[in-house]
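Heads up, the thing below is written out as structure tokens.
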Amino acid sequence: MKRTGPMLKIAAPMRVLAQRAAFMGLLGSAVGLMVLGKAEAPFVERLRMAVTDAVVPVLDGISRPVQTAAQVADNVRALMDVNAENRRLRDQNAMLLHWQQVARNLEAENRALRETVHAATEASFTYITARVVADAGGAFVRSVLIAAGARDGVAKGHTAMSPVGLAGRVGEVGERSARVLLLTDLNSHVPVMIESSRDRAILDGDNTDLPRLVFLASGSRPQLGDRIVTSGHGGVFPPGLPVGVVVQTSEHGGVRVKPFVDFHRIDYLRVVDYGTGGTLPIAAPPPQIKRLR
Amino acid sequence: MVVAALAQLDRALKRALPLALAFIVVLLSVVPLPVPEYAVLAPSFALMSVFYWTVHRPDLFPAWGAFAVGLFDDMLSGAPLGLGAFVLLLVHFSIVAQHKVFRGKAFWLVWAAFAIVAFVAQLVTLLFGFALKGALPDTMPAATQLALTIALYPVATAVFGRFQRVFLSGG
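Spelled out as structure tokens, the structure:
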């Protein structure tokens, strides 16, 4: 149809009006989603994880060659100083053999002592290993997507471990993907303690690489190099998981901890169900309390 | 008949190119790279896509496209859902409202405009993020991210421009 003059005169303002209306509608939807998300509406999380589930296979496919290329580059670099590395490993091996002996002695002693006091055996736990397929940052979030979800047994609140230490916890779960909130995320608050003194604190992420130690017990003076482990308080993480070391104790910068896990190179994460019952013990009372009512 | 149908399909695919590219770029931007700080400092490829295509082909990049790209970015990055969509919609709107300013201008002028838009977008993101998250992140990574986004815009222009010339030069 060819537009005539008068038709165009009416159509143009109408079109502008329709565009404005559409724009305002979209803007309103965006604000609405933000408010719903802030109110933690389950709909928002479901929508997010549905889309994530859909793209995770694609991301998995793309990230594999990238990971392989990085490994090849690593191998080439490792070849260059293979001699020095060999020497270092020999020294370390000698030291670790000594530690192995110490650990065996302690284990035997521990077992004997436990038998003496009839201590309850510690609960066993299950875990799965999942590939990291997306590493998403931005100003507000430090999280990764893993290619394992509810169908693999991953649930909200499970602990995400790297081979060297705590990485974070599962924040959102889809059918075949899950989002792991890292220690460095703004929303990450992990109850920890200083391993040597058993002083408690909270490790707060602030989107930098070095999370901050806050709510330190009064009189506690963390030293550079102090090891930080989870304290088990709050029931999210079991006690004793390695977290990091204190690397900064300045007055205004606060006490900062360098996590053992290298967040730039996490290819795989172990998602562990320690049976600690997730993140929200108040919102989700244990089943036996429900039965009593 | 078949030729006509194919031509129609070809046209439809070409018209879908800007949006499709924007989605692919957002998807690629979350692939883990073994680069220190990459995830924190990664420039906003979504912003570059929306800006480029709204300036050069607003007819193929409607407001709902900017909304969808922003939402997709929010979903993948774990940012507050709707925040990216909101900011990219504003970016889209401000360019469409000022489209005469951009028409036929030298690249460095468009680049300067991009710098201003990126700065405001980052500011709005931080403010809204603060309102939603209740905490202000370190400003240094946010500033570096902004600088990288601005610095890499010419690269994005070169890549998108190539696609535009090859596939969309006819119309």
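Residue numbers (my numbering), protein chains in the order written: chain A, 196 to 488; chain B, 151 to 321.
We treat Cβ as the ideally placed atom computed from N, Cα and C, and that holds for glycine.
Output needed for residue i: all residues of its chain with C-beta closer than 7 Å, excluding positions within five of it in sequence on either side, in chain order.
| i | result |
| --- | --- |
| residue 280 of chain B | 286 |
| residue 175 of chain B | 195 and 199 |
| residue 180 of chain B | 226 and 227 |
| residue 248 of chain B | none |
Should residue i be counted as a contact of the ligand ATP given a C-beta to heavy atom distance under 6 Å?
| i | result |
| --- | --- |
| residue 253 of chain A | Absence of the ligand ATP from the depicted structure is noted, as is the absence of any ligand whatsoever, leaving it without description. |
Mind checking who residue i pairs with in its DSSP beta bridge?
| i | result |
| --- | --- |
| residue 292 of chain A | DSSP, once it has assigned bridges, lists no residue as partnering residue 292 of chain A. |
| residue 248 of chain B | BP columns for residue 248 of chain B are empty, so no partner. |
| residue 331 of chain A | A:338 |
| residue 453 of chain A | A:440 |
| residue 215 of chain B | Paired residue(s): none; residue 215 of chain B is not in a bridge. |
| residue 384 of chain A | A:399 |
| residue 463 of chain A | A:326 |
| residue 365 of chain A | A:375 |
Just tell me which of the options has its CA closest to the CA of residue i.
| i | options | result |
| --- | --- | --- |
| residue 148 of chain A | A:246, A:330, A:258 and A:274 | Residue 148 of chain A cannot be examined here, being either before or after the span of chain A that is shown, 196 to 488. |
| residue 440 of chain A | A:455, A:429, A:449 and A:428 | A:455 |
| residue 225 of chain A | B:218, B:288 and B:290 | B:218 |
| residue 220 of chain A | B:313, B:243 and B:222 | B:243 |
| residue 192 of chain B | A:284, A:238, A:382 and A:335 | A:335 |
| residue 306 of chain B | B:222, B:154, B:168 and B:180 | B:168 |
| residue 344 of chain A | A:313, A:470 and A:241 | A:241 |
| residue 423 of chain A | A:273, A:409, A:339 and A:390 | A:390 |
| residue 171 of chain B | B:222, B:159 and B:156 | B:222 |
| residue 262 of chain A | A:463, A:429 and A:307 | A:463 |
| residue 182 of chain B | A:287, A:270, A:341 and A:228 | A:341 |
| residue 315 of chain B | B:164, B:155, B:152 and B:158 | B:164 |
| residue 269 of chain A | B:241, B:262, B:185 and B:249 | B:185 |
| residue 218 of chain A | B:291, B:229, B:270 and B:236 | B:236 |
| residue 167 of chain A | B:220, B:247 and B:288 | This structure cannot speak to residue 167 of chain A, because chain A is shown only from 196 to 488. |
| residue 409 of chain A | A:442, A:256 and A:396 | A:396 |
| residue 326 of chain A | A:313, A:276, A:256 and A:275 | A:256 |
| residue 188 of chain B | A:429, A:227 and A:460 | A:460 |
| residue 216 of chain B | A:222, A:277 and A:267 | A:222 |
| residue 452 of chain A | A:469, A:417 and A:468 | A:417 |
Is the beta carbon of residue i sitting closer than 7 Å to the one on residue j?
| i | j | result |
| --- | --- | --- |
| residue 491 of chain A | residue 210 of chain A | This structure leaves residue 491 of chain A out entirely; chain A is present only between 196 and 488. |
| residue 225 of chain B | residue 371 of chain A | no |
| residue 438 of chain A | residue 444 of chain A | no |
| residue 399 of chain A | residue 393 of chain A | no |
| residue 294 of chain B | residue 268 of chain B | no |
| residue 232 of chain B | residue 290 of chain A | no |
| residue 338 of chain A | residue 284 of chain A | no |
| residue 388 of chain A | residue 426 of chain A | yes |
| residue 239 of chain B | residue 233 of chain A | no |
| residue 208 of chain B | residue 246 of chain B | yes |
| residue 197 of chain B | residue 308 of chain B | no |
| residue 173 of chain B | residue 205 of chain B | no |
| residue 154 of chain A | residue 402 of chain A | The question about residue 154 of chain A has no answer here: the residues shown for chain A are numbered 196 through 488. |
| residue 220 of chain B | residue 234 of chain B | yes |
| residue 303 of chain B | residue 264 of chain B | yes |
| residue 368 of chain A | residue 349 of chain A | yes |
| residue 320 of chain A | residue 468 of chain A | yes |
Excluding five sequence neighbours on each side, which residues of the same chain lie with their C-beta closer than 6 Å to the C-beta of residue i?
| i | result |
| --- | --- |
| residue 347 of chain A | 323 |
| residue 258 of chain A | 328 |
| residue 366 of chain A | 374 and 376 |
| residue 297 of chain B | none |
| residue 310 of chain B | 202 |
| residue 230 of chain B | 282 |
| residue 478 of chain A | Note that residue 478 of chain A has pLDDT 35, beneath the 50 cutoff, so the model's placement of it is unreliable and no number is given. |
| residue 254 of chain A | 328 and 329 |
Near residue i, what residues of its chain come up, given a Cβ to Cβ distance below 8 Å and the 5 sequence neighbours on each side ignored?
| i | result |
| --- | --- |
| residue 360 of chain A | 436, 437, 438, 439, 454, 455 and 456 |
- Query: Counting pairs of beta carbons, one from the segment 206-219 of chain A and one from the segment 207-218 of chain B, are three or more of them closer than 8 Å?
  - Reply: Under the 8 Å Cβ criterion, the segment 206-219 of chain A counts as touching the segment 207-218 of chain B, having at least three qualifying pairs.
- Message: Three or more C-beta pairs under 8 Å: does that hold for the segment 351-366 of chain A against the segment 427-439 of chain A?
- Response: yes
- Is the segment 367-383 of chain A close to the segment 248-257 of chain A, with three or more CB pairs under 8 Å? Because the criterion of three Cβ pairs below 8 Å is met, the segment 367-383 of chain A and the segment 248-257 of chain A touch.
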